[in-house]
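For the sequence shown, our numbering begins at 1 and goes up steadily by one.
Glycine included, C-beta positions come from ideal geometry on N, C-alpha and C.
Quick caveat, the model's predicted, so the values are computed rather than measured.
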Amino acid sequence: MPPYTLTIEMGRSSRNGFEEPSDLLVEIVGTLERYGLDCNDYQLYDFVDVEALAQLLNSASSDIEVRFTVEGIQLIATPEGVTVPVDEESYAVQR
1 MPPYTLTIEM GRSSRNGFEE PSDLLVEIVG TLERYGLDCN DYQLYDFVDV
51 EALAQLLNSA SSDIEVRFTV EGIQLIATPE GVTVPVDEES YAVQR
């Protein structure tokens, strides 16, 4: 199992989260594809437990930000969605 870093920051949230873990899964995979990583190039469950992440994001009573890395691309998951940090965007596009 590859090493990983998980950073959680909490504050105040404006959204209730993802309806289903599959919604979060689709958003993570879509974000990775937009940054040049084909879904056949990795096994997402090696990097993050999507069901546990969705449960965490949905149960947070305040803003929460979870950062994790998949095949060198850092992602930020919040109840509002999944993004790539600005400083990672140029790296991810060049992959």
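Separation of residue j from residue i, as counted between CA atoms
i: Val50; j: Pro21; result: 6 Å
i: Thr97; j: Val26; result: Summary: the structure shown does not reach residue 97, with the chain confined to residues 1 through 95, and so no result is reported for it.
i: Asp46; j: Arg67; result: 15 Å
i: Ile64; j: Thr83; result: 13 Å
i: Ser62; j: Ile76; result: 16 Å
i: Ser59; j: Glu33; result: 27 Å
Contact set for residue i: own chain, Cβ-Cβ below 6 Å, skip 5 residues either direction
i: Glu71; result: Leu37, Tyr42
Own chain residues within Cβ distance below 8 Å of residue i, not counting five before or after
i: Gly81; result: Glu27
The ligand NAD heavy atom lying under 7 Å from the CB of residue i
i: Tyr42; result: The ligand NAD is absent from the structure shown, which contains no ligand whatsoever.
Identity of the residue in the options nearest residue i by Cα
i: Leu44; options: Gln55, Ser59, Leu24; result: Leu24
Length-filtered (3 minimum) beta strand (DSSP E) runs lying within the stretch 21-72: 64-70
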